[in-house]
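J.: Here you go, one structure.
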Amino acid sequence: MIEPQVDFPPIAWEAITAPGYQDILMHQAEGIAKISINRPEVRNAFRPETVLELIDAFHRAHLDPGVGVIILTGAGELAFCSGGDQRIRGDGGYRDAAGTEHLNVLELQRQIRSLPKPVVAMVAGYAIGGGHVLHLICDLSIAAENARFGQTGPKVGSFDAGFGAGQMARTIGLKRAKEIWFLCRQYDAQEALQMGLVNTVVPIAELETTTVDWCRQMLRHSPTALRLLKAAFNADSDGLAGIQELAGNATGLFYQTAEAQEGRDAFLEKRAPDFGPFRRRP
Ligand code: S0N
8 MIEPQVDFPP IAWEAITAPG YQDILMHQAE GIAKISINRP EVRNAFRPET VLELIDAFHR
68 AHLDPGVGVI ILTGAGELAF CSGGDQRIRG DGGYRDAAGT EHLNVLELQR QIRSLPKPVV
128 AMVAGYAIGG GHVLHLICDL SIAAENARFG QTGPKVGSFD AGFGAGQMAR TIGLKRAKEI
188 WFLCRQYDAQ EALQMGLVNT VVPIAELETT TVDWCRQMLR HSPTALRLLK AAFNADSDGL
248 AGIQELAGNA TGLFYQTAEA QEGRDAFLEK RAPDFGPFRR RP
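Note that the working numbering has the sequence shown beginning at 8, numbered continuously upward.
Structure (C-alpha cells):
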C-alpha cells in the first residue's frame with residue numbers, strides 16, 4: 008500500500024510555568040503534554056527532586072481532560088536520560104537536598120504504566136541505566152538516529168529487578184534482555200529497532216515532528232479504546248493490580264449507563280430501584 012503524503016504542520020508549544028519546576032520543563036499544545044528532563048549538564052540524570060517533579064507533571068497531565076497523549080523526553084540532543092545522578096548517591100540511596108535517601112523512580116514507572124493515556128518516549132542521545140528503563144516503560148519509543156541504549160547497573164552497583172528486567176524481557180525476549188543487563192553494552196538506534204526496543208528511528212531533525220505526528224494520529228482515535236487497550240496490555244503481567252485497572256475502567260463505563268444511574272437515583276430518591284427494564288445480556 009502506498010502511504011499517503013504526510014504533512015507535518017508545526018506545533019506551537021505553550022510553556023507551563025505555574026508549577027515552578029527546577030529540573031523539568033512542561034509544555035502543552037493540541038492535546039499533547041510534553042515533559043522534558045532538563046539537566047543536560049549531567050546527560051539528564053535524575054535526582055530525587057527531578058523524580059518528584061516528573062510525578063507531579065504526569066499527575067497534572069493525567070488529570071487534565073484537555074490532554075490525550077504525553078511525550079517524555081530529555082532536553083537537548085545528547086541524552087534522553089542517563090539514570091540516577093551518581094553524584095548524590097549516598098551509601099543507602101540517592102540523597103535529596105535535605106539529605107534524605109529516596110528516589111521514587113519505581114513509583115514514577117508505575118505511574119507511567121498505569122495512567123490511562125498513551126505515553127511516548129522521544130529519545131535523542133543516551134537512554135542509559137534508569138533512563139533506559141523509563142523509555143522502556145513508555146508505551147511507544149521514537150528514537151533519533153543518534154540514540155544509544157543500554158543498562159549499566161552491574162557496572163555501577165545497581166539493578167532494576169522489577170519492570171526494568173521483567174518488562175524488558177517481555178518486550179525483546181529473555182535472551183536479549185539478559186544480554187543487555189549482563190554485558191552492559193550500548194546499542195545504537197538501528198540495533199534497538201531490530202530488537203523491538205523502539206518503534207521507529209528517524210533523523211534527529213525529524214524527531215519531534217514525527218513524534219507529534221504519531222501523537223496527533225492517536226488523538227484522532229477513541230480515547231476510551233486507547234485507555235482500555237493500555238490497561239489490557241498491563242493486565243496479565245500486573246496480577247490483581249492489572250485486573251483492578253481493567254475493572255476500574257469497567258466501573259467507569261458502567262456509571263455512564265442508565266442501569267447504574269437507576270441505582271444511584273433510587274438511593275437519592277429513597278425508593279426501591281427498578282432494574283426491570285434492563286435486559287440480561289446473553
Ligand atoms: C550517559 C553516558 C554514556 C554519556 O557519556 P558521554 O557523552 O561521554 O558524557 P560524559 O562525559 O560521561 O557525561 C557528561 C557529564 O555528565 C555527567 N553524567 C552523566 N551521567 C551521569 C549520571 N548518571 N549521574 C551523574 N552525572 C552524570 C558526567 O559525569 C559528566 O559530567 P562532567 O562533565 O562534570 O564530568 C555516560 O555519562 C554514562 O555512562 N553515565 C552514567 C550512566 C549510569 O551509570 N547511570 C546510573 C545507572 N543507575 C541508575 O540509573 C539507577 C537506577 C535506579 O535509580 C533504580 C532503578 C530500579 C530500582 C531502584 C533504583 C534505585 O537506585 O533507586
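Backbone N, C-alpha and C fix where the C-beta goes; we use that ideal spot for every residue, glycine too.
Let's test the definition: count the other Cβ atoms within 10 Å of the Cβ of Y28 and tell me whether it reaches 16, buried, or not, exposed.
T.: Buried is the call here.
J.: Going by beta carbon distance, what residues of the same chain come within less than 7 Å of E108, once the five residues before and after it are set aside?
T.: Contacts found: G97, G99, G100, Y101, R102.
J.: Check whether the Cβ of D167 lies closer than 7 Å to any heavy atom of the ligand S0N, and answer yes or no.
T.: Under cutoff, so the answer is yes.
J.: Which residues bound the alpha helix (DSSP H) around A199?
T.: Looking at the DSSP string, the run of the alpha helix (DSSP H) that includes A199 is 196–202.
J.: Give me the residue from K237, G81, L61 with the minimum Cα distance to R120.
T.: The residue with the shortest Cα to Cα distance from R120 is K237.
J.: With a 10 Å radius around its C-beta and 16 neighbouring C-beta atoms as the bar for buried, classify K185 as buried or exposed.
T.: Counting Cβ neighbours within 10 Å, K185 comes out exposed, since fewer than 16 surround it.
J.: For the structure I just gave you, are there three or more beta carbon pairs, one from the stretch 42–53 and one from the stretch 79–91, closer than 8 Å?
T.: Counting Cβ pairs under 8 Å, three or more are found: they touch.
J.: Going by the DSSP bridge assignment, what does A128 pair with across the sheet?
T.: In DSSP, A128 forms a bridge with L79, S148.
J.: Can you tell me where the alpha helix (DSSP H) holding R183 begins and where it ends?
T.: 181–190 is the extent of the alpha helix (DSSP H) around R183.
J.: Within 7 Å: the Cβ of C88 and any heavy atom of the ligand FAD?
T.: What this structure holds is the ligand S0N, not the ligand FAD.
J.: Just how far apart, CA to CA, sit S165 and V126?
T.: Going by the C-alpha atoms only, they are around 26 Å apart.
J.: Quick check: the Cα distance between H38 and E21, rounded to an integer number of angstroms?
T.: For the record, residue 38 in the displayed sequence is Gly; it is not His. Each residue's alpha carbon lies about 11 Å from the other.
J.: Since Y194 and G136 should fall inside the 8 Å C-beta cutoff, what is the C-beta to C-beta distance between them, to a whole number of angstroms?
T.: Actually they do not touch by this definition, with Cβ atoms about 14 Å apart.
J.: Is any heavy atom of the ligand S0N found at a distance shorter than 7 Å from the C-beta of D92?
T.: Checking every heavy atom of the ligand S0N against the Cβ of D92, one is found closer than 7 Å.
J.: For K41, I'd like the list of residues in its chain whose CB is within less than 6 Å of its CB, leaving aside the five on either flank, ordered along the chain.
T.: Once the five neighbours on either side are set aside, the close Cβ partners of K41 are H34, I78.
J.: Among G246, M175, G91, A273, whose alpha-carbon lies nearest the alpha-carbon of R54?
T.: Residue G91 is the option with its Cα nearest to R54.
J.: Using a 10 Å radius around the Cβ and a threshold of 16 neighbouring Cβ atoms, would you call E215 buried or exposed?
T.: Classification for E215: buried.
J.: I'd like the list of long-range same chain contacts for R192, defined as Cβ closer than 8 Å, with 5 residues on each side in sequence excluded.
T.: Hits under 8 Å: G157, E186.
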